[in-house]
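Engineer:
Number of protein chains: 2
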Amino acid sequence: MNNDRVNASIITIGDELLIGQTIDTNSAWMAQELNKLGIWVKRRVAVGDVWDEIWNALDEESKQSQVILITGGLGPTADDITKPLMGSYFGGKMIVDEGALQNVKEIFEKYIKRPMLDVNLKQAEVPDVCTVIQNKRGTAPGMWFEKEGKVFVSMPGVPNEMKGMMTDYVLPRLPKMFALPAVVHRTLLTAGIGESYIADRIKDFEAALPQHIKLAYLPNFGMVRLRLTATGKDETEIIEEVDRLFIELQDQLQDVMVINEDKTLEEAIGILLAKKEKTVSTAESCTGGYISHLITSVPGSSGYFKGGIVSYDNTIKENVLGVDADTLDNYGAVSEETVSQMAMAARSIMKTDFALAVSGIMGPGGGTEEKPVGTVWIAVTGNKETVTRKFQTRYNRNRNIEVTAINALNMLRQSIINDEG
Amino acid sequence: MNNDRVNASIITIGDELLIGQTIDTNSAWMAQELNKLGIWVKRRVAVGDVWDEIWNALDEESKQSQVILITGGLGPTADDITKPLMGSYFGGKMIVDEGALQNVKEIFEKYIKRPMLDVNLKQAEVPDVCTVIQNKRGTAPGMWFEKEGKVFVSMPGVPNEMKGMMTDYVLPRLPKMFALPAVVHRTLLTAGIGESYIADRIKDFEAALPQHIKLAYLPNFGMVRLRLTATGKDETEIIEEVDRLFIELQDQLQDVMVINEDKTLEEAIGILLAKKEKTVSTAESCTGGYISHLITSVPGSSGYFKGGIVSYDNTIKENVLGVDADTLDNYGAVSEETVSQMAMAARSIMKTDFALAVSGIMGPGGGTEEKPVGTVWIAVTGNKETVTRKFQTRYNRNRNIEVTAINALNMLRQSIINDEG
């Protein structure tokens, strides 16, 4: 381990994290922001609203890290003990902070419009050994403590309030306290190839990476993101170095690379369609609208996505999409013939350049010996050809839907790329 | 603190958690499941793929808890060091597990259909001092260790694989190892009312709860789940007690209660539709298929959901749904008139008892002074009447889509209940 490295620990306080009531999204955001500054998050710890456990966490984490960021436990109710604890931990006594008091009063006058209670006034009290971080988005002030060259920051757990304090106050101050390295990330997305196959293909590349450049594999549902992270003293130098390696990596993975930016598959498709000025529509059976949801989750997707038909029931396939009753009878709803007709119908009805169609059995029910749960047919049609492919997924219902959506979107992406018209 | 209490620690391993690439959703799920058994999560710790840090975390957490659940670090790549570390920690040597080997081979033969690599074969290796937990959903086996009356379980970080092992193996075994109290939960789902308003309405009920019965608020996107948890020695006794309180709680929240079981809104709608033998279809603009995705994420939804039309572009509203060009011109796509026509068209085209339609501006672009981002119209039509309602949401694009879907589904639910036909 590099002894020059500045480490951070994140301590989250609150019973709601330990009973599974709240999913911790704060830590991921904080880690990303710290990484951009060249600070490495060494540990994240969640503890309950219990005096000894919080105290011990402060002791432990200050042995590991120079920056200790603490969220939660600053509310007005009795179970929120973080503030007196911090006062006691750093040997201060509680005083009223005039700025914080002003802030609480303003929030009540402007927004809450009810008389303040004693507990609300208490929110303006802070230990006299901290620097107060004013809260522009709530009533609980933040606190900045320094001890033996280490920084301890206590902030509310409300994401919006924490982010405000981090952005306005904490992140700008940390580089003044510590000598931080320059950090540069480069990310690419692959689809249709497993993590271990990628690792095998680029093992020489990976083995040859210098110590200060790391490669991370970030797999998710049939896609793998690869991220190169370079750390060094001279930013210009490491940008040059990491960009050279990034080009090499792209060359080695060209056939499976979706995009050489930190984007999702649906964002990559949006960029492609917008560039080529093409449009797309969908006809979904087993995915039930999930594919059109992914496409339309991208801002600006109305520029290239016209619409979709969720033909869950066979009557919709027949009456709305116009799939032949004979085709449905002879081959079934989950067949190459049916998805081809669905895709072509969607393209013609919605007047788009491309259309995709999916039909399959997502489970748990509906499987047969010939077509077990997980059998999926996908078709993508463009102005030149219709491509079809059969998949066999092997998960539970929700994951089968997710994997099928990724497979369909990846086929769409390939069709857009192959289309030269 | 109660010394009889069985504590758990959750250790999550992986650099991706410390660089903020992955939001940890596993821990919340695990905590909920452990709570159901009467096991309290005392601490959650996230550490990187670093030998000493994982080792120290095992040391520390085994001082705090009797159950130590570990996720992550079991992938086939070089940075995944958890398995050899666990072997070394518990003093074992690596051997090939025949069951795990069989599983890896099967997955490759059936699904991946490519030759196995050496790294894949290595996934079947485990320390000889553990009990192997076979992975039905992936290639990495789980490991169960016991030491000094404590249980250590190492599982993959992939949520689906972890959940499978927990459900099939870990959760059924823990009550055999430890003397756990009887724990009984009763959950109800509310919609359309905020957490603080519920708290205000039931404050007397809450204040009168005995010490051994806790009430948890679990809010999520316009819905709040309320969970009563009773802990005690005599199961029959606490069931009687909690059921009596649960009826009281339901009485107080009758007008906002969706269902008195631990179900989602879309599951509650499915139960209602199935019971009444009614069907539904959708016409979505701004939600882009997300509502039909939610409805079809419920197994068996093909029994009551016929299909949906995602009319993202106005040409689809006009040509597929048959909304009047005049209506679109005069009132705009986001209007009461347009969503009413969309809903009635969906109901008639797809021949269903009910249909819902949504049209709105989800942002970040597309807002005007008259119709700012977050403006949404929703219509639900049945065999008697069409109900319309305007909403104003105030979040980012993805959250606006989620909240709008919940609002639409809740309106649909009310229409189904009000329909006596």
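Protein sequences appear in the order of chains A and B.
The end of the first sequence is residue 612 by our numbering, with every number in the run present.
The end of the second sequence is residue 612 by our numbering, with every number in the run present.
Glycine included, each C-beta is placed from N, C-alpha and C at the ideal position.
(1) Can you pull the chain B neighbours of A:Ile450, defined as C-beta to C-beta under 8 Å?
(2) I'd like to know if the segment 320-327 of chain B and the segment 337-357 of chain B are in contact, where contact means that at least 3 CB-CB pairs between them fall below 8 Å.
(3) Please tell me whether B:Gln255 and B:Ser345 are closer than 7 Å, where the distance is taken between their beta carbons.
(4) Contact between the segment 416-425 of chain B and the segment 371-384 of chain B is defined here as three or more beta-carbon pairs at a separation below 8 Å; is this criterion met?
(5) Between which residues of its own chain and B:Leu417 is the CB-CB distance below 6 Å, once the five residues before and five after are set aside?
(6) Put A:Arg674 into one of helix, strand or coil per three-state DSSP.
(7) Could you check if A:Tyr481 is buried or exposed, using at least 16 other CB atoms within 10 Å of its CB as the buried criterion?
(8) What residue range is occupied by the uninterrupted alpha helix (DSSP H) comprising B:Tyr522?
(9) Indicate whether at least one CB of chain B lies closer than 7 Å to the CB of A:Asp504.
(10) Please work out which residues of its chain come closer than 8 Å, Cβ to Cβ, to B:Gly491, disregarding the five sequence neighbours upstream and downstream, and give them in chain order.
(11) Can you give me the Cβ contacts of B:Glu352 inside the same chain, cut-off strictly under 6 Å, excluding the 5 residues immediately before and after it?
(12) Does B:Arg235 get closer than 7 Å to chain A when you measure Cβ to Cβ?
(13) Suppose the cutoff is 7 Å on Cβ atoms and the five residues either side in sequence are ignored; what does the same chain contact list for B:Gly613 look like?
(14) Rounded to whole angstroms, what is the Cα-Cα separation between B:Thr487 and A:Ala398?
(15) As a quick exercise: from B:Ser539, B:Ile298, B:Asn217, pick the residue whose alpha carbon is nearest that of B:Ile261.
(16) At the level of alpha carbons, what is the spacing between B:Glu439 and A:Asp359?
(17) Would you list, in chain order, the members of the segment 539-554 of chain B that have their beta-carbon closer than 8 Å to a beta-carbon of chain A?
(18) Given a cut-off of 7 Å, decide if B:Ala222 and A:Gly211 are closer than it, judged by their beta-carbon atoms.
(19) Which runs of the alpha helix (DSSP H) spanning at least 4 residues fall entirely within the segment 483-571 of chain B, listed in chain order?
(20) Could you check how far apart the C-beta atoms of A:Gly556 and A:Asn591 are, in whole angstroms? I think they sit under 8 Å.
(21) So B:Arg588 contacts chain A; which residues on that side make the cut at Cβ distance below 8 Å?
(22) Take A:Val511 as the anchor and find which of A:Ser476, A:Arg196, A:Glu207 has the nearest alpha-carbon.
(23) Please report whether the beta-carbon of B:Asn521 lies at a distance below 7 Å from any beta-carbon of chain A.
(24) On the criterion of 16 or more Cβ atoms from any shown chain inside 10 Å, does A:Ile607 qualify as buried, or is it exposed?
(25) Of all the beta strand (DSSP E) runs that stay within the bounds of the segment 263-339 of chain B, which reach a length of 3 or more residues?
(26) Would a check of beta-carbon distances place B:Ser387 closer than 7 Å to chain A?
(27) Measure the alpha-carbon distance for A:Gly573 versus A:Lys581 and round it to whole angstroms.
(28) Name the chain A residues that come within less than 9 Å of B:Tyr360, Cβ to Cβ?
(29) Would a check of beta-carbon distances place A:Lys354 closer than 7 Å to chain B?
(30) With a threshold of 7 Å between beta carbons, is A:Tyr495 in contact with chain B?
(31) I'd like the ranges of any alpha helix (DSSP H) spanning at least 4 consecutive residues and lying wholly in the segment 388-423 of chain A.
(32) Counting along the chain, where does the beta strand (DSSP E) carrying B:Glu475 start and finish?
(33) Please classify B:Trp242 as buried or exposed, where buried requires at least 16 other C-beta atoms within 10 Å of its C-beta.
(34) Please classify A:Ala524: is it buried, with 16 or more other beta-carbons within 10 angstroms of its beta-carbon, or exposed?
(35) Within 7 Å (strictly less), CB to CB, does B:Tyr280 reach chain A?
(36) Is there a Cβ from chain A that is less than 7 Å from the Cβ of B:Ala219?
Structural biologist: With the structure as the only source:
(1) For the purposes of this step, residue 450 of chain A is identified with residue 259 of the first sequence, where counting begins at 1. Here the premise fails: no neighbours, minimum Cβ distance about 16 Å.
(2) Yes: at least three Cβ pairs fall under 8 Å.
(3) Counting from 1 along the second sequence, the entry for residue 255 of chain B is found at position 64. Counting from 1 along the second sequence, the entry for residue 345 of chain B is found at position 154. Against a cut-off of 7 Å, the Cβ pair of B:Ser345 and B:Gln255 comes out as no contact.
(4) yes
(5) The residue given as residue 417 of chain B occupies position 226 in the second sequence. Cβ neighbours of B:Leu417 beyond the five flanking positions: Leu379.
(6) Residue 674 of chain A falls outside the range modelled here, since chain A spans only 192 to 612, and no answer is possible.
(7) As a first step, residue 481 of chain A must be located in the first sequence, where it is residue number 290. It is buried - the Cβ of A:Tyr481 has at least 16 other Cβ atoms within 10 Å.
(8) Translated into positions along the second sequence, residue 522 of chain B becomes position 331. According to the DSSP assignment, B:Tyr522 belongs to the alpha helix (DSSP H) that extends over 516-522.
(9) On the first sequence, residue 504 of chain A is found 313 positions in, with the first residue counted as 1. Interface residue, yes.
(10) The residue given as residue 491 of chain B occupies position 300 in the second sequence. Excluding residues within five positions, the ones whose Cβ falls inside 8 Å are Gly461, Ala465.
(11) Mapped onto the second sequence, residue 352 of chain B falls at position 161. The answer, listed in chain order, is Asn326, Arg328, Gly329.
(12) Here residue 235 of chain B refers to the residue found at position 44 of the second sequence. At least one CB atom of chain A sits nearer than 7 Å to the CB of B:Arg235.
(13) Lying before the first or after the last residue shown, residue 613 of chain B is absent from chain B, which here runs from 192 to 612.
(14) Within the second sequence, the letter at position 296 stands for residue 487 of chain B. Within the first sequence, the letter at position 207 stands for residue 398 of chain A. For the pair B:Thr487 and A:Ala398, the Cα-to-Cα distance works out to about 46 Å.
(15) Here residue 261 of chain B is taken as the residue at index 70 of the second sequence, counted from 1. Comparing Cα positions, the closest option is B:Asn217.
(16) In the second sequence, counting from the first residue as 1, residue 439 of chain B sits at position 248. In the first sequence, counting from the first residue as 1, residue 359 of chain A sits at position 168. If you take the alpha carbons of B:Glu439 and A:Asp359, they lie about 47 Å apart.
(17) Ile540, Met541, Lys542, Gly554
(18) Sequence index remark: in the first sequence, residue 211 of chain A carries index 20 (1-based). Sequence index remark: in the second sequence, residue 222 of chain B carries index 31 (1-based). In contact: A:Gly211 and B:Ala222 (Cβ atoms closer than 7 Å).
(19) 505-510, 516-522, 527-540
(20) In the first sequence, counting from the first residue as 1, residue 556 of chain A sits at position 365. In the first sequence, counting from the first residue as 1, residue 591 of chain A sits at position 400. Contact doesn't hold; Cβ gap of about 13 Å is too wide.
(21) For the purposes of this step, residue 588 of chain B is taken as residue 397 along the second sequence, with counting starting at 1. Correct list: Ser488, Pro490.
(22) Translated into positions along the first sequence, residue 511 of chain A becomes position 320. Of the candidates A:Ser476, A:Arg196, A:Glu207, the one whose C-alpha sits nearest the C-alpha of A:Val511 is A:Ser476.
(23) Residue mapping note: residue 521 of chain B aligns to position 330 of the second sequence, counting from 1. False, the Cβ-Cβ gap to chain A never drops below 7 Å.
(24) Position 416 of the first sequence, counting from 1, holds the residue named residue 607 of chain A. The residue in question, A:Ile607, is buried, as its Cβ has 16 or more Cβ neighbours within 10 Å.
(25) 285-287, 316-318, 322-324, 333-338
(26) The residue you call residue 387 of chain B lines up with position 196 of the second sequence. Not one chain A Cβ lies under 7 Å of B:Ser387.
(27) Residue numbering aside, residue 573 of chain A sits at position 382 when the first sequence is read from its first letter. Residue numbering aside, residue 581 of chain A sits at position 390 when the first sequence is read from its first letter. Whole-angstrom Cα-Cα distance: 18 Å.
(28) Taking the second sequence and counting its residues from 1, one reaches residue 360 of chain B at position 169. Per Cβ cutoff of 9 Å: no residues; B:Tyr360 is ~16 Å from chain A at best.
(29) Translated into positions along the first sequence, residue 354 of chain A becomes position 163. For A:Lys354, the answer is no, since every Cβ of chain B falls outside 7 Å of its Cβ.
(30) Residue mapping note: residue 495 of chain A aligns to position 304 of the first sequence, counting from 1. For A:Tyr495, the answer is no, since every Cβ of chain B falls outside 7 Å of its Cβ.
(31) 394-398
(32) Mapped onto the second sequence, residue 475 of chain B falls at position 284. Taken as a continuous stretch (DSSP letters only), the beta strand (DSSP E) holding B:Glu475 covers 471-475.
(33) Looking up residue 242 of chain B in the second sequence gives position 51. Burial call: exposed.
(34) Translated into positions along the first sequence, residue 524 of chain A becomes position 333. That one is buried.
(35) Position 89 of the second sequence holds residue 280 of chain B. Chain A, which has no Cβ nearer than 7 Å to the Cβ of B:Tyr280, makes this no.
(36) The residue labelled residue 219 of chain B in the question sits at position 28 within the second sequence. Closer than 7 Å to some Cβ of chain A, the Cβ of B:Ala219 qualifies, so yes.
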